[in-house]
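> First the structure, which I've put down as structure tokens, then a few questions once you've had a look.
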Amino acid sequence: MTTLEKAIEVYGKDMQLNVAIEEFSELIKEICKHKRGEDNLDNIIEEMADCYIMLEQMELIFDIDFSQINDKIVEKKNRLEKRLAEPKDSEMKPCCKCGCEAELISSQTFAWCNIYWYVICTNENCEEKTMLKYDTKRDAISAWNRRANNEL
Ligand SMILES: [Zn+2]
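Following this note's numbering, the numbering of the sequence shown begins with 261 at its first residue and continues without gaps.
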């Protein structure tokens, strides 16, 4: 029997869940202190260690296999990665004709059709826009910026 299994047997699942709540809130407290400017890295490390231990106990208490958690971790990190790769509007160059700000537009012909993207100039008197419609924001912005760079 592992140390953590023993702890659950001796103190009981319910008590160990209370301890988990306490440990997680202690980490929260240390994060707050850090944000207020306290130099408490040692305490943060200590509370993170306690939290890891409690997470491991929670796997035992709820009979969760770590692979179940890991699947979620991978999924969430992938989603985050995608979000981080999304271009920002600030990456768009100003209009190559009039120098005004550009705007990214999404469009969809019908609800069941894919959304596509293009970029237009925000100046009403200027008709500058990307020639094509693109499947991704990134492609639309790249095409717009190529025009701004006179690469087309
Ligand atoms: Zn323009």
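All residues carry an ideal CB built from backbone N, CA and C; glycine is no exception.
Inspect the beta-carbon positions of residue 303 and residue 290 and report whether they are closer than 7 Å.
Here residue 303 refers to the residue found at position 43 of the sequence shown. Here residue 290 refers to the residue found at position 30 of the sequence shown. In contact: residue 303 and residue 290 (Cβ atoms closer than 7 Å).
> Using a Cβ-Cβ cut-off of 7 Å, state whether residue 397 counts as contacting chain B.
Chain labels in this structure do not include chain B; a single protein chain is all it has.
> Inspect the CB distances between the region 329-344 and the region 359-379 and report whether three or more fall short of 8 Å.
no
> Give the single residue among 395, 360, 382, 383 whose Cα lies nearest to the Cα of residue 375.
Residue 375 sits at position 115 when you count from the first residue of the sequence shown. Checked all of 395, 360, 382, 383; the closest Cα to residue 375 is 395.
> Can you list, in chain order, the residues of its chain with a C-beta nearer than 8 Å to that of residue 351? Leave out the 5 residues immediately preceding and following it.
Locating residue 351 in the sequence shown gives position 91, where the first residue counts as 1. Within the same chain, residue 351 has close Cβ partners 401, 405.
> Classify residue 275 as buried or exposed, calling it buried when 16 or more other Cβ atoms lie within 10 Å of its own Cβ.
In the sequence shown, residue 275 corresponds to position 15, counting from 1. Residue 275 is exposed by the Cβ-count criterion.
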